[in-house]
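Enquirer: Quick one: the structure is below, and I'll ask about it shortly.
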Amino acid sequence: EEIDRFLEGSGSKYLDNIYIKYYYYTFRLLRINDEKYYILLKDFVSSGSGGLSLLEIRDIYTALLNYCYFKLSAGEDNFVRELFLLITKMVEKDVYTNQAGNIPNVFFMNAVTTGLESGEISWVEKFIAEKGELLKDDSRVDTLNFCMANLSYFKKEYDSGITDTTRFIKNFKMFDLAL
Numbered sequence: 038e039e040i041d042r043f044l045e046g047s048g049s050k051y052l053d054n055i056y057i058k059y060y061y062y063t064f065r066l067l068r069i070n071d072e073k074y075y076i077l078l079k080d081f082v083s084s085g086s087g088g089l090s091l092l093e094i095r096d097i098y099t100a101l102l103n104y105c106y107f108k109l110s111a112g113e114d115n116f117v118r119e120l121f122l123l124i125t126k127m128v129e130k131d132v133y134t135n136q137a138g139n140i141p142n143v144f145f146m147n148a149v150t151t152g153l154e155s156g157e158i159s160w161v162e163k164f165i166a167e168k169g170e171l172l173k174d175d176s177r178v179d180t181l182n183f184c185m186a187n188l189s190y191f192k193k194e195y196d197s198g199i200t201d202t203t204r205f206i207k208n209f210k211m212f213d214l215a216l
């Protein structure tokens with residue numbers, strides 16, 4: 038609380054330092070889940086956040102995504118759109134790949150699901166087509182089949198959806214144990 042009073046009062050000039058701003062806004066967002074800090078942090082990262090490393094920018098987006106997930110679990114459905122907009126910014130800025138240049142499967146599947154829930158079918162189709170090759174080789178086919186099944190169901194193309202689901206279930210290692 039003392040730091041808050043200082044930075045929001047006479048010490049506000051220190052928030053001109055990008056690192057202090059980055060750490061303070063992120064800390065406050067994670068600590069108290071206040072939408073004020075969500076907006077401040079989102080505006081900060083959208084304005085370019087010059088000087089921060091790719092990893093630091095990815096950390097900011099992770100904090101913002103987690104805030105949206107928190108809000109969604111609390112029943113605030115308007116955050117589906119917020120989540121989608123953050124994901125598209127991450128894709129535009131290329132801050133979603135890991136050090137090996139791969140897209141984490143969870144991020145890929147979340148991007149597809151969130152895009153579909155936001156009604157952005159064209160974006161999802163383009164994302165799958167353009168970014169699917171960035172999935173790790175050992176799980177690319179299963180992830181793509183899962184996402185294509187999801188897309189087919191949203192488009193009400195049930196025959197394609199069943200085919201993709203069958204491919205996914207047949208090849209997905211976790212289902213081998215269940216069968």
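For the sequence shown, this note's numbering assigns the number 38 to the initial residue and increments by one for each residue that follows.
Even glycine gets a Cβ: it sits at the ideal position worked out from N, Cα and C.
These numbers come from a predicted model, not from an experiment.
1. Mark residue 100 as exposed unless 16 or more other C-beta atoms lie within 10 angstroms of its C-beta, in which case mark it buried.
2. If we ignore side chains and look at the alpha-carbon of each, how far apart do residue 155 and residue 161 end up?
3. What residue range does the alpha helix (DSSP H) around residue 165 cover?
4. Would you call the segment 128-138 and the segment 174-182 in contact, with 3 or more CB pairs under 8 Å?
5. For residue 140 and residue 47, what's the separation of their Cα atoms in angstroms?
6. Would you check if there are 3 or more beta carbon pairs closer than 8 Å linking the segment 142-156 to the segment 186-195?
7. Could you tell me if residue 111 is buried or exposed, where buried requires 16 or more neighbouring beta carbons within 10 angstroms of its beta carbon?
8. Residue 56 to residue 133, Cα distance in whole Å?
9. Roughly how far, in whole angstroms, is the beta-carbon of residue 61 from the beta-carbon of residue 67, given that I think they are within contact range, below 8 Å?
10. Go through the segment 102-140 residue by residue and report every complete run of the alpha helix (DSSP H) that reaches 4 residues or more, in order.
11. Measuring only the C-alpha atoms, how far is residue 211 from residue 181?
Expert: Considering the structure as presented:
1. Of the other Cβ atoms in all chains shown, 16 or more fall within 10 Å of the Cβ of residue 100; this residue is therefore buried.
2. Going from the Cα of residue 155 to the Cα of residue 161 covers about 10 Å.
3. DSSP places residue 165 inside the alpha helix (DSSP H), whose first and last residues are 158-168.
4. The answer is no - the segment 174-182 does not touch the segment 128-138, with fewer than three Cβ pairs under 8 Å.
5. It is roughly 43 Å from the alpha-carbon of residue 140 to the alpha-carbon of residue 47.
6. With the cut-off at 8 Å, the segment 142-156 and the segment 186-195 touch.
7. That one is exposed.
8. For residue 56 and residue 133, the gap between their C-alpha atoms comes out near 21 Å.
9. In fact, because the Cβ distance is near 11 Å, the residues do not count as touching under 8 Å.
10. Runs of the alpha helix (DSSP H) inside the segment 102-140: 116-130.
11. Only weak support exists for where residue 211 lies, its pLDDT of 43 falling under 50; the coordinates are left without a value.
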